[in-house]
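Numbered by the numbering used here, the letters in the sequence shown go through residues 0 to 258 in order. Glycine included, every Cβ here is placed at the ideal spot set by N, Cα and C. Bear in mind the structure is a predicted one, so any value in this text is a computation, not a measurement. Each remark here refers to the structure printed beneath this line.
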Amino acid sequence: MTYETILVEQRDAVTLITLNRPQALNALNSDVLADLSAAFAAFDADPGQRCAVLTGSGEKAFAAGADIKEMVEKDAADFFLQDFFSGWQTGVVATRKPWIAAVQGFALGGGCELAMMADFIIAGDTAKFGQPEIKLGVAPGMGGSQRLTRAVGKAKAMEMCLTGRMMDAAEAERAGLVSRIVPAADLLDEALKTAATIAALPPMAAMVNKEMVNIAFETGLSQGILTERRLFQILTATEDRKEGMTAFIEKRQGVWKGR
Ligand code: CAA
C-alpha cells in the first residue's frame with residue numbers, strides 16, 4: 000500500500016511509520032489521519048508485525064498540530080456534523096498492538112495529542128511539547144486536555160493549556176510525560192531497539208499488558224484491578240503462557256507462537 004502523507008516500512012517485526020509533510024512541520028490534516036488509520040489497521044492485522052514506532056520526518060518537528068490551513072474556513076456546523084477529530088480515536092487510539100512515539104522537535108497541539116495516543120513516548124533532547132490552541136482561540140480537540148492532565152497532573156496541564164507554554168524534554172521527563180530522553184541523533188535507533196525488545200516478547204501478552212495499563216489510565220481503581228485480574232486469567236489460556244513458564248523452569252529462552 001502506498002501513502003501520500005506518511006512513510007511506512009517494516010523492519011523485521013517492527014513497523015516504522017514516519018509523518019512525511021516536513022514542509023508543513025508534519026501538520027495533521029484529513030489525509031494524514033486517513034493514511035495513519037490505514038497504516039495502523041494494516042499493522043494490527045499483520046501477524047508478522049508486533050510493535051510500531053511513529054516519528055516525524057525532519058529534525059524540526061514530530062508534528063506542529065492539526066492543520067490550521069484545513070480548519071480555518073470550516074464553520075462550527077462543519078466541525079460538529081463531521082464529528083471532526085473523532086477519527087483519531089477510532090483510527091489511531093484503537094490500535095491493539097503496542098506502539099511508541101519517537102518525538103524530536105515540536106509536538107504541539109494535535110502533535111502533542113498524537114504523541115500522547117502512543118503507549119509511551121521516547122523523546123529526543125530537542126523535543127518540545129505544548130498545547131498552544133488557546134492562542135488560536137480554541138482548545139485541544141484530540142484528547143490533549145484529558146491525556147495531558149492525567150499524564151502530568153492538573154497544575155502543569157492547566158498552565159500549558161492556559162498559556163500555551165511549551166515543555167522541553169527534561170521537564171517532560173520529570174513530569175512523567177515521556178518514558179525517557181535520548182540524544183536526538185540516537186532517537187530513532189533507540190525507539191526501534193525498544194520496539195524490537197517488545198516485538199521479541201509474547202505478542203498476546205504484549206497486547207494484554209497494553210490494555211491493562213490503559214485501563215488504569217481510563218477507569219477507577221477497583222474496576223481496573225478487576226479487569227486486570229480477568230485479563231490475566233484469559234492470558235493463562237495461551238500456548239505462550241505454558242511455553243513461557245516451562246522455558247523459565249527449564250532455564251531456556253521461550254519460543255513464541257503468538258497465541
Ligand atoms: N498547521 C498548518 N501549517 C502549519 C502548522 C499547522 N499546525 N504549523 C506549521 N505550519 C506550517 C507553516 O504555516 C509554514 O508553512 P509556510 O512555509 O507555507 O508558511 C511551515 O509549516 C513552517 O512553519 P513556520 O514558518 O511557522 O516555522 P517556525 O519555525 O517559524 O515556527 C512553530 C514553528 C512555532 C511550530 C510554528 O509553526 C507554529 O506555531 N505552528 C502552529 C502550532 C500550533 O498552533 N499548533 C496547534 C494547531 S491547532 C490543533 O492542533 C487543534 C487540536 O487540538 C487538535
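- A distance of 8 Å or more separates the beta carbons of Gly86 and Leu107.
- Distance between Asp34 and Gln9, taken at the CA atoms: about 16 Å.
- Between Asn25 and Ser56, the gap from beta carbon to beta carbon is short of 8 Å.
- If you check the CB distance, Val181 and Glu170 do not come in under 8 Å.
- Distances from the CA of Ala138 to each of Ala174, Ala51 and Gly64 were compared; the closest alpha carbon is that of Gly64.
- With fewer than three CB-CB distances shorter than 8 Å, the region 145-155 does not count as touching the region 86-102.
- Secondary structure at Glu8: strand, using DSSP grouped into helix, strand and coil.
- Thr17 is bridged by DSSP to Leu6 and Thr54.
- Between the alpha carbons of Ala194 and Thr54 lies a distance of about 13 Å.
- Relative to the ligand CAA, the beta carbon of Asp66 is positioned inside 7 Å of a heavy atom.
- CA-to-CA, the gap between Ala156 and Gly142 works out to about 12 Å.
- Following the DSSP letters along the chain, one finds Phe216 inside the alpha helix (DSSP H) bounded by residues Pro202 to Glu217.
- Ile121 places its beta carbon 8 Å or farther from that of Val212.
- Boundaries of the beta strand (DSSP E) around Val102: Trp98 to Val102.
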